[in-house]
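Here is the structure we will look at, set down as structure tokens.
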Amino acid sequence: MEKELINKPVIDIKVEEETATNFISRVVLYNDDWHTFDEVIYQLIKAVHCTYGKARTHAFEV
1 MEKELINKPV IDIKVEEETA TNFISRVVLY NDDWHTFDEV IYQLIKAVHC TYGKARTHAF
61 EV
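This note's numbering applies: residue 1 is where the sequence shown begins, and numbers increase by one.
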């Protein structure tokens, strides 16, 4: 029986800003059509304890 080849998706990692913190965690944002920008902004504020303006900027970068 011949094996079927499955192509793995290509993941493009883009690092625009290096940070020097002692945190060992990361926040991952997925660009989807399910969550509103307000929900994403609220979750960013909770996750990284940033201001509304900074969270909004990050949300629109995605």
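C-beta atoms are modelled at their ideal positions from N, C-alpha and C, and glycine is treated no differently.
Keep in mind it's a predicted model, so treat the numbers as computed, not measured.
TODO: Could you check what DSSP says for residue 57 in three-state terms: helix, strand or coil?
DONE: As a working mapping, residue 57 is identified with position 57 in the sequence shown. Three-state DSSP puts residue 57 in a helix.
Open item on the list: Taking only three categories from DSSP, how would you classify residue 45?
Closed with: Locating residue 45 in the sequence shown gives position 45, counting from the first residue. Of the three classes helix, strand and coil, the one that applies to residue 45 here is helix, per DSSP.
Open item on the list: With the cut-off set at 8 Å, would you say residue 26 and residue 41 are in Cβ contact?
Closed with: The residue you call residue 26 lines up with position 26 of the sequence shown. The residue you call residue 41 lines up with position 41 of the sequence shown. No, the pair does not count as a contact, with Cβ atoms beyond the cut-off.
TODO: Take residue 48 and list the residues in its own chain whose beta-carbon comes closer than 7 Å to its own, dropping the five residues that flank it on each side.
DONE: Here residue 48 corresponds to residue number 48 of the sequence shown, with the count starting at 1. So the list reads 27, once near-sequence residues are dropped.
- [ ] Indicate the three-state DSSP secondary structure (helix, strand or coil) for residue 30 in the structure shown.
- [x] Taking the first residue of the sequence shown as position 1, residue 30 is located at position 30. In the displayed model, residue 30 falls within coil according to three-state DSSP, outside both helix and strand.
- [ ] Using the Cα positions of residue 52 and residue 9, report the straight-line distance between them to the nearest angstrom.
- [x] Counting from 1 along the sequence shown, the entry for residue 52 is found at position 52. Counting from 1 along the sequence shown, the entry for residue 9 is found at position 9. Rounded to the nearest angstrom, the two C-alpha atoms are 33 Å apart.
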